[in-house]
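The next block holds one structure in the form of structure tokens; read it before the comments.
There are 2 protein chains.
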Amino acid sequence: MTPGAGSWVVGVDSGGSGLRVALAEVTARGPGPAETAVSRTPVRTGEAGIDARHLLEQLLPMVHGLRGRGGAGGARPVAAVAVGAAGMATLGGQLRAELPGALEEALGIRGLALAADAVTAYAGALGQRPGAVVAAGTGMVAVGTDLTEWRRADGWGHLLGDCGGGAWLGRAGLEAALRAHDGRRGGSAALLAAAESVFGPPAGLPGQLYPRTDRPAVLASFAPEVARCAAEGDAVATGILAEAARRIADAAEAVCPRETGREVEIALTGGLLRIGDPLLVPLLAELTDRLPGARVVPPAGDPLSGALSIAAALATGSLQLPGDPAMLHLAGPGGAV
Amino acid sequence: MTPGAGSWVVGVDSGGSGLRVALAEVTARGPGPAETAVSRTPVRTGEAGIDARHLLEQLLPMVHGLRGRGGAGGARPVAAVAVGAAGMATLGGQLRAELPGALEEALGIRGLALAADAVTAYAGALGQRPGAVVAAGTGMVAVGTDLTEWRRADGWGHLLGDCGGGAWLGRAGLEAALRAHDGRRGGSAALLAAAESVFGPPAGLPGQLYPRTDRPAVLASFAPEVARCAAEGDAVATGILAEAARRIADAAEAVCPRETGREVEIALTGGLLRIGDPLLVPLLAELTDRLPGARVVPPAGDPLSGALSIAAALATGSLQLPGDPAMLHLAGPGGAV
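Here the protein sequences come in this chain order: A and B. Be aware that the first sequence starts at 1, since it is given in full-length UniProt numbering, and climbs by one per residue. Be aware that the second sequence starts at 1, since it is given in full-length UniProt numbering, and climbs by one per residue.
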């Protein structure tokens, strides 16, 4: 029997829309079917980074609730926990300091992984195989590994990068709309009409954007309009999507392992892909052109299932994804393992 | 004698760095030598736009102080006031409602102009002649007039435009720095070194930018580094400046009058021009190429002198710049004139 099989593991996905938690039994082939719980309250981020206490206040009752669902058998023992969080690399100091002790005390766990959300997205999409994963939503980041080390490209936020992501696309579309409004070169009447239908008269657009605290999301809300205009034949919108595809491919190319001796896989994940062919067609063409040795595959699962699979691999001593201080911090109850 | 000559006029320039006020006697050839006062307290902008009361609280004591400097002659009578303010078009509602009455009561003025800061920049640079003025600082806007109507291009802020301005340039430079850091195509090792010398390790850059409320200024602070790298031969930085020049020229081209029957002038103004030849050389080449009938001239004066010249033209009934609800709102004590 696989060591650790029969024990239970917890996966956690913490992000801007809240906290998702999954509990599953470990089998010889990884985590079994999961039970999940969701909190719509995003974990607070303060001056000291992600607030460990606020995370635990939500996480522990959710885990206890999931453990209790087993019925007659009583609370199921948890062997390992993996937490994926947005900003873990730069804002995870408090989690790294406090979670190992707190979770050992509360749950008796033997293994803990604190992962960047891009790493749980990777594990969800490709499991423990070498390759690259693009996560494109409002932002855009690519991570890759040859199972020796992690590489990461972009993910710098809407003012420094996230090139080709939702906020980038929406911003480029609105800029082209305003070019048309002003009579500057490079404008698109179709994008201007779309902007007016979403935001009203252009003169009011700055006032609808700049005072908001969720400016990237406001920009990204226009990305589907850029895709629609491209699908309807607008040349400027088509050009913006082609540029987005090149920029996303730049990031995938920078992180995708070469010469591993085996075929590597690339998975595309994230909500931006829902805009469909206007982005996917040029993006697949770019990836095929630049990375002929890689195969684009559909993601096997989501970041929450990725966290669960990392926890299961920890519990069974079979983790092949490489540890990394910023990307995948591994801690036992007594400290780093 | 010119009507209005011998009376006094006030020009006001209100912006993010404070309030500047000038008083001058009207002569047959426009305002005479000005006396000026400066407040470092920017006029507040609230939900209702630019705060008229806060402007008046600062402006009136400054005007009274300047009027009193005349000595034995007593307080000098003010015939007209022109106020140029950033955001006047969209945020100037309270000023348009309250300033005419308040300034008539306090100063007995007969004429008031409320102008977009781009219009006072225009009047300062080109006076009342047809042409186009580019104002490039942290942001970027171009305005032009054939003396019948105003045209305006860009000036949409750092997320929607201001293409080629300081924040745009700095942002493009930092993006290229992070491309080099990530190993993406299009990166510049020279810009990465410059970014590290200004901001420290790249991992800390998002934390130094996103929490700030003056993000455009932080981005613009890197523009001189882009110019320096270009001057030292970095191809990526040179490409960024060439692109900035094209985008600024896009705006100038969109607003510059054609077929006026007389030569039009273009003036380049604003702090961004201090980065010098790396921007000016490609920009002048673009302008010459696109607008062969226009002549690039040095600006005659700054926005404060522009406000003063508008006030003097109001006082003498010689205003040739066209009124416009958003760009140049003209009000007499009894209402719009």
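Every residue gets a Cβ at the ideal spot worked out from N, C-alpha and C, and that includes glycine. Predicted, not measured: the structure shown is a model, and the values here were computed from it.
Using the three-state DSSP reduction, which class does residue i fall into: helix, strand or coil?
i, result
"tryptophan 168 of chain B", "helix"
"valine 236 of chain B", "helix"
"residue 340 of chain A", "The question about residue 340 of chain A has no answer here: the residues shown for chain A are numbered 1 through 337."
"proline 325 of chain B", "coil"
"alanine 37 of chain B", "strand"
"proline 303 of chain B", "helix"
"isoleucine 109 of chain B", "coil"
"proline 100 of chain B", "helix"
"glutamate 57 of chain B", "helix"
"alanine 115 of chain A", "strand"
"alanine 230 of chain B", "helix"
"leucine 19 of chain B", "strand"
"leucine 147 of chain B", "coil"
"arginine 295 of chain A", "strand"
"glycine 14 of chain A", "According to the sequence shown, residue 14 of chain A is serine rather than glycine. Residue state, collapsed to three classes: strand."
"alanine 48 of chain A", "coil"
For residue i and residue j, what's the separation of their Cα atoms in angstroms?
i, j, result
"glycine 6 of chain A", "glycine 173 of chain B", "53 Å"
"glycine 32 of chain B", "alanine 300 of chain B", "14 Å"
"arginine 96 of chain A", "glycine 111 of chain A", "13 Å"
"glycine 18 of chain A", "aspartate 51 of chain A", "13 Å"
"aspartate 214 of chain A", "glutamate 259 of chain B", "45 Å"
"leucine 107 of chain A", "leucine 60 of chain A", "9 Å"
"valine 81 of chain A", "proline 257 of chain A", "28 Å"
"proline 130 of chain B", "valine 236 of chain A", "32 Å"
"aspartate 13 of chain B", "serine 197 of chain A", "36 Å"
"aspartate 132 of chain A", "valine 264 of chain A", "The displayed chain sequence assigns alanine, not aspartate, to residue 132 of chain A. Straight-line Cα distance between these residues: approximately 8 Å."
"glutamate 243 of chain B", "glycine 164 of chain B", "7 Å"
"proline 278 of chain A", "phenylalanine 222 of chain A", "14 Å"
"methionine 327 of chain A", "leucine 91 of chain A", "12 Å"
"arginine 29 of chain B", "tryptophan 150 of chain B", "24 Å"
Starting from residue i, find everything on chain B with Cβ-Cβ shorter than 7 Å and list it in chain order.
i, result
"tyrosine 122 of chain A", "Ordered by position in chain B, no residue passes the 7 Å Cβ test against tyrosine 122 of chain A, which lies about 16 Å from the chain."
"alanine 254 of chain A", "Asp182, Gly183 and Arg184"
Which residues in the same chain have their Cβ closer than 6 Å to the Cβ of residue i, if we skip the five residues on either side of it in sequence?
i, result
"leucine 245 of chain A", "Checking the displayed sequence, the identity of residue 245 of chain A turns out to be alanine instead of leucine. So the list reads Pro282, Leu283 and Glu286, once near-sequence residues are dropped."
"histidine 181 of chain B", "Leu192 and Pro202"
"glycine 93 of chain A", "Gly49"
"alanine 190 of chain B", "Cys229 and Asp234"
"alanine 153 of chain B", "Ala142, Ala251, Ala254 and Val255"
"glutamate 225 of chain A", "Ala194"
"aspartate 124 of chain A", "Here residue 124 of chain A is glycine; the residue named in the question, aspartate, does not match the sequence. Excluding positions up to five away in sequence, the list reads Gly301, Asp302, Pro303, Ser305 and Gly306."
Residue i touches chain B at which residues, Cβ-Cβ below 8 Å?
i, result
"proline 206 of chain A", "Thr90, Trp156, Gly157 and Leu160"
"glycine 186 of chain A", "Asp250"
"alanine 153 of chain A", "Asp182, Gly183 and Arg184"
"glutamate 243 of chain A", "Under the 8 Å cutoff, chain B gives no residues; its nearest Cβ is about 12 Å from glutamate 243 of chain A."
"arginine 215 of chain A", "Leu159"
"glutamate 196 of chain A", "Within 8 Å Cβ-Cβ: nothing; glutamate 196 of chain A doesn't reach chain B, min ~14 Å."
"glutamate 263 of chain A", "The contacting residues do not exist; glutamate 263 of chain A stays about 22 Å from chain B at best."
Kindly give me the distance between the Cβ atoms of residue i and residue j, rounded to whole angstroms, as I take these residues to be in contact under 8 Å.
i, j, result
"leucine 136 of chain A", "leucine 273 of chain A", "Note that residue 136 of chain A corresponds to alanine in the displayed sequence, not to leucine. The pair is a contact, with the Cβ atoms about 7 Å apart (cut-off 8 Å)."
"alanine 307 of chain A", "threonine 120 of chain A", "5 Å"
"threonine 45 of chain A", "glycine 87 of chain A", "7 Å"
"alanine 227 of chain A", "alanine 167 of chain A", "Not quite, the Cβ-Cβ distance comes to about 14 Å (not below 8 Å), so this is no contact."
"glycine 155 of chain A", "aspartate 162 of chain A", "7 Å"
"leucine 147 of chain A", "proline 325 of chain A", "Leucine 147 of chain A to proline 325 of chain A, Cβ: 17 Å. No contact."
Cutting at 7 Å between CB atoms, please list the residues of its own chain near residue i, excluding the five before and the five after it.
i, result
"alanine 37 of chain B", "Val21, Met62, Gly65 and Leu66"
"glutamate 57 of chain A", "none"
"glycine 270 of chain A", "Ala135, Ala136 and Gly137"
"arginine 290 of chain B", "Ala249 and Glu253"
"alanine 176 of chain A", "Gly186, Gly187, Ser188, Leu191, Val236 and Ile240"
Counting only Cβ pairs nearer than 7 Å, list the residues of chain A close to residue i.
i, result
"leucine 178 of chain B", "Trp156, Leu160 and Gly161"
"alanine 203 of chain B", "Thr90"
"leucine 291 of chain B", "Result: empty, since nearest Cβ-Cβ is about 13 Å, beyond 7 Å."
Strictly below 9 Å CB to CB, what residues from chain B border residue i?
i, result
"leucine 209 of chain A", "Gly157, Leu159 and Leu160"
"arginine 171 of chain A", "Leu159 and Leu160"
Output needed for residue i: all residues of its chain with C-beta closer than 8 Å, excluding positions within five of it in sequence on either side, in chain order.
i, result
"arginine 262 of chain A", "Pro130"
"threonine 288 of chain B", "Val296"
"leucine 160 of chain A", "none"
"glycine 157 of chain A", "Gly139 and Pro216"
"valine 43 of chain B", "Ser14, Leu19, Ile50, Asp51, His54, Leu55, Gln58 and Ala85"
"valine 26 of chain B", "Thr2, Gly4, Ala5, Gly6, Ser7, Trp8, Val9, Gly32, Ala79, Ala312, Ala315 and Thr316"
Just to make sure I have the definition right: I need the residues of chain A whose C-beta is within less than 9 Å of the C-beta of residue i. Which are they?
i, result
"arginine 44 of chain B", "What arginine 44 of chain B touches in chain A: nothing, since even the nearest Cβ is about 14 Å away."
"leucine 107 of chain B", "In chain order: nothing, as chain A lies at least about 31 Å away."
"leucine 174 of chain B", "Trp156, Leu159, Leu160 and Gly161"
Under 8 Å between beta-carbons, which chain A residues line up against residue i? List them in chain order, please.
i, result
"leucine 95 of chain B", "What leucine 95 of chain B touches in chain A: nothing, since even the nearest Cβ is about 16 Å away."
"leucine 219 of chain B", "Leu159"
"leucine 319 of chain B", "Those within 8 Å of leucine 319 of chain B in chain A number zero; the least Cβ separation is about 25 Å."
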